[in-house]
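Quick notes on the structure that follows.
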Amino acid sequence: MAKPLIATQHLTSCFGCHMSILDIDDRILKLAKMVDFDRSPINDIKEFTWPVDIGIIEGGVSNDEHVEILKDFRKNCKVLIGIGSCAVANSVPSMRNTVPLKECLEEAYLNGPTIVDGGIIPNDEDIPILLDKVYPLHEVVKIDYFLPGCPPSADTIWNALVALLTGKELEFPYELIKYD
Amino acid sequence: MSEDHALFIKKVAEKYGRDPTRLMDILLEVNARYGWFSEETIGHIGEAMDIPRVKIRDKISFYTFFSQKPVGKTVIRLSNSVVEKMKGAAEVARAFEDAVGVKFGETTPDGAITLTYAQCIGMSDQAPSALINHTPVGNLLPEDVGDIVEAIKNEEDISQLPQALIDVNLRRSGPVVFAPMDAGTAVRAALKMTPEQVIDEIKKSNLRGRGGAGFPTGKKWEACRNVKSDFRYIVCNADEGEPGTFKDRVIMSERANLVFEGMTIAGYAVGAEYGIVYLRGEYEYMLEDLKRILEERRKKGLLGKNILDKKDFNFAIRIQIGAGAYICGEESALIESLEGKRGAPRERPPFPVEKGYMNRPTAVNNVETLCAAARIMEQGADWFSTIGTEASAGTKLLSVSGDCSRPGVYEIEYGITVARFLKMVGAEHAIAAKIGGPSGRLVAPNDFDRTISFEDFSTGGSVIFFGPGRDLLTHMKQFTEFFVEESCGWCTPCRVGTTLMLKEFDKIIEGRATRTEIENIKKLGQTIKTMSRCGLGQTAPNPILTSMQNFPELYEAVIKPVDYIGTFDFAKAVSAGAEITGRKPHSDEEANL
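Protein chains in written order, with numbering that gives the first Met the number 0: chain A, 0 to 179; chain B, 0 to 592.
This is the structure in structure tokens:
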């Protein structure tokens with residue numbers, strides 16, 4: 000039987016959750032025995048080769064391209080997991096949610112204290128169009144599981160993946176899900 | 000002006016001995032004069048009291064009767080609780096806006112009138128109702144509003160308006176609270192016993208607290224008595240804020256003497272010399288009458304030193320007025336408020352019987368409980384325990400409102416079935432009853448054969464009936480909005496949880512929900528119930544949870560049989576960005592599932 004396939008993606012975030020995935024250290028060898036990786040920034044595969052079993056998304060949704068990527072993931076993943084505070088509840092990126100987008104951009108690119116000679120709001124067809132706010136994943140597509148944490152620790156990610164892959168009951172020691 | 004201002008505030012502060020625990024009274028007096036708190040006023044109070052401004056702001060911002068913005072000379076607070084809405088508060092609101100010329104939340108340019116909404120003001124039996132400054136007006140009709148506003152503009156005495164004649168609405172008297180009484184009889188009977196015997200008698204009677212929680216009163220008094228301390232206090236909780244309840248209004252207007260009698264007996268039993276009635280701000284119009292009754296009792300030797308010539312039994316009562324906060328009905332929040340702070344509940348234990356008011360042992364009892372205790376002294380525990388059921392001795396006052404032909408206060412024996420009660424109040428056609436107000440449960444007709452008692456449907460006294468055609472889900476949403484508004488904000492499960500719950504519930508009402516939202520709400524509700532610090536959070540999910548339990552068909556009818564419905568609106572979300580860049584976004588269509 001073919002090994003299950005995993006795909007990962009980061010949206011608006013710091014890439015810390017992906018670092019935390021890598022932080023499982025030598026267990027990555029075990030993981031490699033259990034699964035194959037498809038689309039992921041880690042192997043730099045940019046499109047789905049074929050539909051996968053598990054999709055992991057880090058970060059919130061803040062531009063039109065993110066919406067497309069997320070919907071593509073939902074279409075191609077049997078199980079979709081949101082990991083990290085940004086994916087679950089937007090966290091730091093959502094600090095801009097209280098300020099209208101136009102004001103945000105004007106403050107950053109036109110009126111900010113470091114702007115010299117007017118400035119310009121970046122606008123190129125290769126730059127995705129920002130949304131009015133940053134949105135958590137589950138408002139855009141159905142998310143099957145959430146792994147909160149900033150970032151969720153390597154052990155949290157490892158325990159969750161192993162449980163999902165082996166069908167064993169998921170167990171989190173208290174330290175892994177205690178956030179204060 | 001400014002000097003007068005400072006001088007006035009200084010005088011008020013001195014009147015209360017610059018005692019920070021009397022800050023509520025000081026703020027109430029300053030508020031009565033100026034109507035609101037400017038930064039200058041706050042500064043003067045801070046100086047006069049020698050406390051930081053932030054503490055005063057902290058207190059002012061907590062209570063709805065205090066404002067940090069200028070308000071009109073006359074403030075009209077129209078109650079918009081659920082029952083008031085059912086009875087046409089919205090139409091009355093429109094009539095007020097037309098007559099006054101400003102919207103709710105605004106003040107007329109000449110500073111004469113402010114329109115604002117209030118939660119339940121204890122007038123659900125004569126809804127729609129409003130407070131005009133401190134004067135309640137009830138049974139409002141849109142066509143009356145013009146005359147009322149005219150009277151305000153002409154500076155007439157509002158209390159002379161026909162709408163200001165408050166109906167007592169006592170529909171049924173029982174043997175305990177509303178039986179005839181003579182001032183002093185109960186105290187005299189108690190003083191024939193030792194304090195320990197009084198407690199034993201109360202324990203024997205099986206009297207349990209009437210505020211909702213049902214803690215045995217005798218046990219509470221005994222615990223309070225047994226804690227070693229130099230002082231003890233009796234507090235009478237007359238801060239009924241549960242929407243749809245107004246029984247304390249009727250008790251305080253018809254049986255205040257029995258309440259004071261009960262407090263005096265409690266003082267004797269636990270060894271307290273000082274009692275405080277915490278009267279909700281909405282009932283301030285009763286204050287003068289209550290003070291007069293206290294004075295009469297003093298003259299008769301029923302209060303003061305060596306009461307009824309009992310050597311060394313001294314007891315005094317003062318009345319503390321609140322300033323509009325539902326949470327202050329919770330005993331530890333009430334004590335905080337009494338000590339001059341914002342009314343945030345305390346961590347428990349220690350319970351008030353160990354460390355209550357001023358960190359001294361304090362017995363906090365409901366108005367109705369104190370009446371029952373007094374009557375037990377008069378008639379005996381044996382008599383009392385023959386009334387009601389075995390586990391629920393005595394009678395219960397129910398405040399009845401909503402869709403019924405005879406709203407008002409009923410003193411019923413515990414153990415009455417809901418069905419029998421429906422007939423009594425003229426609500427035979429009810430499709431649902433909210434027993435216990437917003438924090439209680441929504442009961443369906445198939446449970447109408449069950450009883451009102453501690454062992455079955457336990458209630459603090461608010462019973463709201465819904466007749467045919469009422470949209471129950473919308474009313475559950477309104478109840479939940481009430482909790483969102485009244486959460487004191489101290490603990491996260493309550494502050495954040497109630498808002499999250501409301502958001503999920505909106506999806507249900509708007510037909511954008513799947514089974515997932517139902518499950519989410521159940522889980523969230525459980526978290527709020529178990530993790531909240533006080534009774535407010537612990538009961539806040541009840542409207543939604545109990546309606547899910549008892550009216551599943553309402554939910555089945557509106558949830559969609561699909562896997563997922565997103566709330567995300569791509570076109571709306573991307574429009575600002577598209578406008579700024581002048582570009583066309585990646586089409587959402589092709590990616591759509």
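All residues carry an ideal CB built from backbone N, CA and C; glycine is no exception.
Item                                                                                                                                 : Value
Beta-carbon contacts of R317 (chain B) that lie in its chain and below 7 Å, excluding the five residues immediately before and after : I275
8 Å contact criterion, which G321 (chain B) and G280 (chain B) should meet: CB distance rounded                                      : 4 Å
Anticipated Cβ contact below 8 Å, T263 (chain B) with V186 (chain B), distance rounded                                               : 5 Å
The region 401–431 of chain B: positions lying closer than 7 Å to chain A by Cβ                                                      : none
Inter-residue CB distance, I55 (chain A) and I5 (chain A) (contact presumed, cutoff 8 Å)                                             : 7 Å
Cβ-based burial, P119 (chain A) [other Cβ within 10 Å; buried from 16]                                                               : What sits at residue 119 (chain A) in the sequence shown is Ile, not Pro. With fewer than 16 other Cβ atoms within 10 Å, it is exposed.
Beta-carbon proximity of R171 (chain B) to E329 (chain B), cut-off 7 Å                                                               : no
Below-7 Å beta-carbon distance, Y134 (chain A) vs any chain B residue                                                                : yes
Burial state of G282 (chain B), where buried means 16 or more other Cβ atoms lie within 10 Å                                         : Here residue 282 (chain B) is Tyr; the residue named in the question, Gly, does not match the sequence. That one is buried.
CB contact below 7 Å: V78 (chain A) versus chain B                                                                                   : no
Partner residues on chain B for L10 (chain A), Cβ-Cβ distance less than 9 Å                                                          : In chain order: nothing, as chain B lies at least about 13 Å away.
Extent of the continuous beta strand (DSSP E) to which K395 (chain B) belongs                                                        : 394–401
Proximity to T73 (chain B) [Cα-Cα], best of B:P108, B:A255, B:A426, B:W382                                                           : B:P108
Residues that DSSP places opposite D35 (chain A) in a beta bridge                                                                    : A:L4
Contacts that A577 (chain B) makes with chain A (C-beta to C-beta distance below 9 Å)                                                : D63, I128
Extent of the continuous alpha helix (DSSP H) to which Y33 (chain B) belongs                                                         : 22–33
7 Å Cβ cutoff met for S400 (chain B) and G243 (chain B)                                                                              : yes
Contact list for V557 (chain B) against chain A, beta-carbon separation under 9 Å                                                    : Those within 9 Å of V557 (chain B) in chain A number zero; the least Cβ separation is about 19 Å.
Length at least 3, wholly inside the region 124–207 of chain B: the beta strand (DSSP E) runs in chain order                         : 129–131, 134–136, 169–171
Residue-chain proximity (Y232 (chain B), chain A), Cβ-Cβ < 7 Å                                                                       : no
Alpha-carbon spacing of C13 (chain A) relative to K502 (chain B), whole angstroms                                                    : 29 Å
Segment contact, 8 Å Cβ cut-off, at least three pairs: the region 488–507 of chain B with the region 449–457 of chain B              : no
Neighbour-count burial assignment, I41 (chain A), 16 or more Cβ in a 10 Å radius                                                     : exposed
Cβ separation of K135 (chain A) and N89 (chain A), assumed to be a contact under 8 Å, to the nearest whole Å                         : According to the sequence shown, residue 135 (chain A) is Pro rather than Lys. About 5 Å separates the two Cβ atoms, so the contact holds.
At least three beta-carbon pairs within less than 8 Å, the region 461–470 of chain B to the region 565–584 of chain B                : no
Beta strand (DSSP E) segment containing G407 (chain B), residue limits                                                               : 407–412
Reduced DSSP secondary structure (H/G/I, E/B, other) of I27 (chain A)                                                                : helix
Selected residue, minimal CA-CA separation from F314 (chain B), among B:A372, B:R21, B:F230                                          : B:F230
DSSP-derived helix/strand/coil call for S457 (chain B)                                                                               : coil
Limits of the unbroken beta strand (DSSP E) element including N96 (chain A)                                                          : First-last for N96 (chain A): undefined, no H or E at that position.
C493 (chain B) (DSSP reduced to helix, strand or coil)                                                                               : helix
CA nearest to the CA of A418 (chain B), picked from B:P161, B:I527, B:V442                                                           : B:V442
Short Cβ contact (7 Å threshold) for G342 (chain B) with A332 (chain B)                                                              : yes
Test: K101 (chain A) CB closer than 7 Å to a CB of chain E                                                                           : Of the protein chains in this structure, namely A and B, none is chain E.
Short Cβ contact (7 Å threshold) for G71 (chain B) with A111 (chain B)                                                               : yes
Chain A contact residues for T497 (chain B), given Cβ-Cβ distances below 7 Å                                                         : Here the premise fails: no neighbours, minimum Cβ distance about 17 Å.
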